[in-house]
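Right, one structure below, let's go through it.
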Amino acid sequence: MNRLLLERIMPIAEHEKEETATEMRSLKARFEADMEALYRLLVTYESLMKSQDEQSGTVDLLMSQYREKTRDLLKRQIETQQLVVTQSRNRYHLAQERLLGKVVEEKKYVTLHEKASQQEVAATKATEQSFIDELAVIHHGKGK
């Protein structure tokens, strides 16, 4: 690839990588927040169960039904939050894979740019050496 073309492509690839990294950081924060919400629900459920176990003998039927509904509601919230966490984790992992792809792509362009630059330097050196050789031939030709 042409060095000038690569110099135009490289900033675009770098920008895409940065956007993907920003998206990944956002998805990671979301995943962590969802995990924290699940943890809080689990702690609440555990506290509720412990409280109900301690008061199991002193509760009337109406209170028992209320506690059962509360327990069921918390279980559903936990199940829902587990699904949310799974989705968040999957989105985060996909973003990590996209970022890895962008890093590899950027590295490919950097490597191609370096090779193109090295080829230009080699071509310039070859041209310079050719001129030096011509001057040497001309100079030695006059000296005879």
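In terms of our numbering, the sequence shown opens at residue 101 and continues consecutively. Each residue gets a CB set at the ideal place from its N, CA and C atoms; glycine is no exception.
CA nearest to the CA of residue i, picked from the options
i: N102; options: L127, A121 and H213; result: H213
i: V184; options: M135, I238 and E119; result: M135
For residue i, three-class secondary structure by DSSP
i: N190; result: helix
i: D153; result: helix
i: D134; result: helix
i: D172; result: helix
i: D160; result: coil
C-beta atoms of residue i and residue j nearer than 7 Å
i: Q177; j: L141; result: yes
i: R130; j: S188; result: yes
i: A121; j: L194; result: no
i: Y145; j: L174; result: yes
i: Y209; j: L127; result: no
i: Q165; j: A137; result: no
| said: Does the contact criterion of 3 or more C-beta pairs under 8 Å hold for the region 102-116 versus the region 147-157? | reply: Because the criterion of three Cβ pairs below 8 Å is not met, the region 102-116 and the region 147-157 do not touch.
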